[in-house]
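Q:
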Amino acid sequence: MYAITNEIRGKFIQFINRSADNGGIVIYDPNFRSAHASELDEMKPLIVENMKMASIIRGSDEDFSNIFRAGSPDTAWDIIRNYCSCMVYTASSEAVYVRTTGFSGKFPVRKITPVSTIGAGDNFNAGMIAAMYNNDITKDELAIMGGEKWFMIVSTGVEFATNVCLSYENYISEDFADKFVNRI
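Each residue of the sequence shown is one higher than the last, beginning at 53 in my numbering.
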């Protein structure tokens, strides 16, 4: 919601454009919850504008349902492909779906009993970013990558999110971070 706040909109767009111009991968997670449904008509044009600036749209099944009434990854992709060439669709404990102009895949998630899901999405995003950074994946590769690279990116996101869901903290544990850094 912060990225569509009028007070910071100009600086936000300037920052995103500068990042994209310098080869940065821009991930947009709309994080649009049902509590904001009454504001959708006002916010949707800004959400779509953000999507057009992104390299990856990473949203939950709830986000895509709330914004576009999309009940499946394929329905969401039919809409998102008009704005961005890469979508990562997380469906809670079901799976993670990736759709790009050159790839379609479904990836597993670990079956766990979560303690808390607060921070899971943000940490999933952080895991994806860490995987892309550590493997020198560029913005130009996203739409043409195959299953092997996407599996590595998504599984790292799932690891980060899983770690957060198994505690009351909304960030990865120090032990998890140490193990992650040591295996790089």
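The C-beta atom is built at its ideal place from N, Cα and C for all residues, glycine as well.
It should be emphasised that the depicted structure is a prediction, and the values quoted were computed from it without experimental measurement.
Suppose only complete runs of 4+ residues qualify. What are the alpha helix (DSSP H) ranges in the stretch 61 to 113, listed by chain order?
A: Whole alpha helix (DSSP H) segments, 4+ residues: 61 to 73, 92 to 105.
Q: Given SER168, which residues of its chain have a CB within under 6 angstroms of its CB, disregarding the five upstream and five downstream residues?
A: Translated into the one-based positions of the sequence shown, residue 168 becomes position 116. Excluding positions up to five away in sequence, the list reads TYR220.
Q: According to the neighbour-count rule (16 or more other Cβ atoms, all chains shown, within 10 Å of its Cβ), is TYR185 buried or exposed?
A: What you label residue 185 is simply residue 133 of the sequence shown in a count that begins at 1. With fewer than 16 Cβ atoms within 10 Å of its Cβ, TYR185 is classed as exposed.
Q: Whose CA, out of SER117, GLU114, HIS88, PHE84, lies closest to the CA of ASN102?
A: Walking along the sequence shown from the start, residue 102 turns up at place 50. Minimum Cα distance to ASN102 is reached at PHE84.
Q: Of the choices SER145, GLY198, MET105, whose alpha-carbon is the least far from that of GLY154?
A: Mapped onto the sequence shown, residue 154 falls at position 102. With distances taken between Cα atoms, GLY154 lies closest to GLY198.
Q: Considering CYS138, what are the terminal residues of the beta strand (DSSP E) in which it resides?
A: On the sequence shown, residue 138 is found 86 positions in, with the first residue counted as 1. Here the beta strand (DSSP E) through CYS138 covers 138 to 143.
Q: LYS158: which of GLY111, VAL150, THR165 sits nearest, CA to CA?
A: Position 106 of the sequence shown, counting from 1, holds the residue named residue 158. Of GLY111, VAL150, THR165, the residue nearest in Cα terms is VAL150.
Q: Please name the residue in PHE203, ILE56, SER86, THR57 whose C-alpha comes closest to that of GLY179.
A: Reading the sequence shown from its first residue, position 127 is the one you call residue 179. Cα-wise, what sits closest to GLY179 is PHE203.
Q: So, with DSSP's three-state summary, where would you put THR152?
A: Along the sequence shown, one-based indexing puts residue 152 at 100. If DSSP states are grouped into helix, strand and coil, THR152 belongs with the strands.
Q: Starting from GLU211 and walking both ways along the alpha helix (DSSP H), at which residues does that stretch end?
A: Start at 1 with the first residue of the sequence shown, and residue 211 comes out as number 159. Per DSSP, GLU211 belongs to the alpha helix (DSSP H) from 199 to 217.
Q: Throw me the rounded Cβ distance for the ILE56 and LEU98 pair, which I believe falls under 8 angstroms.
A: In the sequence shown, counting from the first residue as 1, residue 56 sits at position 4. In the sequence shown, counting from the first residue as 1, residue 98 sits at position 46. At roughly 4 angstroms, the Cβ-Cβ gap stays under 8 angstroms, so ILE56 and LEU98 are in contact.
Q: Sort out for me which residues DSSP pairs ALA147 with in a bridge.
A: Residue 147 sits at position 95 when you count from the first residue of the sequence shown. Answer is ALA143, bridged to ALA147.
Q: Per DSSP, which one or two residues make a beta bridge with PHE159?
A: Residue 159 sits at position 107 when you count from the first residue of the sequence shown. Answer is VAL148.
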